[in-house]
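The sequence shown begins at 408 in my numbering and counts up one residue at a time.
Structure first, commentary second.
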Amino acid sequence: MMEQPQLLSKIATGNGHGENSAYFEGWKAYENDPFHPTNNPNGVIQMGLAENQACILASDLVENWITSNPEASICSLEGVNQFKAMANFQDYHGLPQFRQAVAKFMERTRGNRVSFDPDRIVMSGGATGAHEVIAFCLADPGDAFLVPTPYYAGFDRDLKWRTGVQLVPVICKSSNNFKLTKKALESAFDKAKEDNIKIKGLLITNPSNPLGTIMDKETLKVLVSFINEKQIHLISDEIYAATVFCHPSFTSIAEIIEHDTNLEYNRNLIHIVYSLSKDLGFPGFRVGIIYSYNDEVVNCARKMSSFGLVSSQTQYLIASMLSDEEFVEKFVVESAKRLAKRYGIFCRGLSQVGIKCLQSNAGLFLWMDLRCLLKKQTFEEEMKLWKVIIHQVKINISPGCSFHCCEPGWFRVCYANMDDRDVEVSLTRIRTFVRRNKAEILAEKNPCSRRNLRLNFSLRSLDDFLVSPHSSITHSPIVKATTC
Ligand SMILES: Cc1ncc(COP(=O)(O)O)c(C=O)c1O
């Protein structure tokens, strides 16, 4: 038989896309059977998407602003006179008023304690595009970035796939609340050296996805010293800057290098990735930003931005919206207030069944500790538990392994992409599941008290197990316990 010619590229046919993890698998499970309170009440609830949505985000404020400022849209009667100019605009520097407004917004979301130069703002297609551009600018194929774990699952695609760059994990553990230490950094750096891997930079996410925690000033200073000592770059992904909903406040890497006069560092090594996907809740607009203190990186990234520009229509609207300081102020304050409230509801709801979460003060998610539900502390058991949660409890949360967490049993739970009614449904499902499972594990550990308790999972009327007699939910998949 004649050998078939390879019609497609290695990139197209290979597995380098990084999407073969439980993180992306969970999205598919949701897409195949999405929950709807009336049309599909037994469907999968999406809690695997870090989205700042609906009533959680101050979207009512955005809608009001749009209604009161029709000229900001070039497709309205009031704004149509700008249509032609915007439809023709294609300068990859971007609209000056857009860069100015974004720089100001970045300052506001960092407590107005730093300043950003609009001429250093480079556009990209979301933070996703920004990461790839930065990887292209700083590293060659085969080179690597250190990344503290657990880290955002998309990095395996965004930084590695098309660039050929590698990511080297820096192991952080629950024993110190996953805090990044100098020791962990040194150890990962030395190990990479032993393996002949050239480290070109350190990528941090601050506030962290998936932890929801922020880095303190001391840690940030340690990082700046570390990268200077090793002569490598520091990329700070700060796309959750405005999701910090209670004290302590967020410290940007920009604040450290602007204000710490004792710190010796080379500005050319520092870069910030930002986007409006989380802080404003506009992931569909694909507004990503590369802010580099290095002129060469700014120049190269700007040229590369041709591959992922933000449309001029979007720039025009964003420029107008973010120039309204009164709106921005109200939005940022209200959004944080609503996130704090939702965080509290979830933490309290989970603590009712003894489930703890890592204490956090930012992000759109909780880092939930389900180690008590693992029969053995292994990643196989974590995957088994995840499969039950997604296919039978029907909640898409993401297992720690998809974030490269070094300890099994942690799960990321996104809570900002649903309305209050769905929050109740999801909490009820989780609590019921945890109660039944704890009972099973206890019974296994203590056979005398077992009394022939047999647990299995099936779809069954939630009415049998309802925590609240007033709940409006009628049917849901949950864990079913039977005695025999
Ligand atoms: C830490 C982090 N960086 C980057 C991204 C990608 O964001 P964008 O939608 O702006 O591409 C995400 C999305 O979840 C994220 O959590």
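The C-beta atom is built at its ideal place from N, Cα and C for all residues, glycine as well.
Predicted, not measured: the structure shown is a model, and the values here were computed from it.
Proximity annotation: ligand 1 has residues Ala457, Gly533, Ala534, Thr535, Tyr559, Gly561, Thr612, Asn616, Asp644, Ile646, Ser682, Ser684, Pro690 and Gly695 in chain order, each selected because its CB is closer than 6 Å to a heavy atom of the ligand. Looking at the DSSP output, Tyr698 bridges to Ile528 and Ile679. Leaving aside the five residues that flank Val651 on each side, the residues in its chain whose CB is nearer than 8 Å to its CB run, in chain order, Pro614, Ile621, Phe657, Ala743, Asn768 and Ala769. Residue pairing for Pro555: DSSP places it in a beta bridge opposite Val577.
DSSP, reduced to helix, strand and coil, places Thr835 within a helical segment of the structure shown.
Here the segment 826-833 does not lie against the segment 785-795, with fewer than 3 beta-carbon pairs under 8 Å apart. Within the DSSP secondary-structure output, Phe772 pairs in a beta bridge with Cys821.
With contacts defined as CB atoms closer than 8 Å, Val451 and Ile696 fail to qualify as a contacting pair. Partner residues in the beta bridge of Pro806, as assigned by DSSP, are Phe818. Checking the DSSP bridge columns, you'll see Pro441 partnered with Val451.
Counting only the Cα atoms, Asn635 lies some 39 Å from Arg745. Ranked by Cα distance from Ile660, the options Phe689, Tyr698 and Met454 are led by Tyr698. Annotation for Asp498: no alpha helix (DSSP H) segment contains it, and DSSP assigns it neither H nor E. Only residues of its own chain outside the window of five on either side were considered, and among them none has a CB closer than 6 Å to the CB of His798.
Looking at the DSSP output, Gly608 sits in a beta bridge with Phe552 and His640.
In the three-state DSSP reduction, Lys590 falls in the helix class (H, G or I).
Here the C-alpha atom of Gly536 lies approximately 9 Å from the C-alpha atom of Leu716.
According to the DSSP secondary-structure assignment, Lys763 is paired through a beta bridge with Asp776.
Distance from the CA of Val820 to the CA of Pro444, rounded to the nearest whole angstrom, comes to 20 Å. Sixteen is the threshold: when 16 or more other Cβ atoms of the shown chains lie within 10 Å of the Cβ of His811, as they do, the residue is buried.
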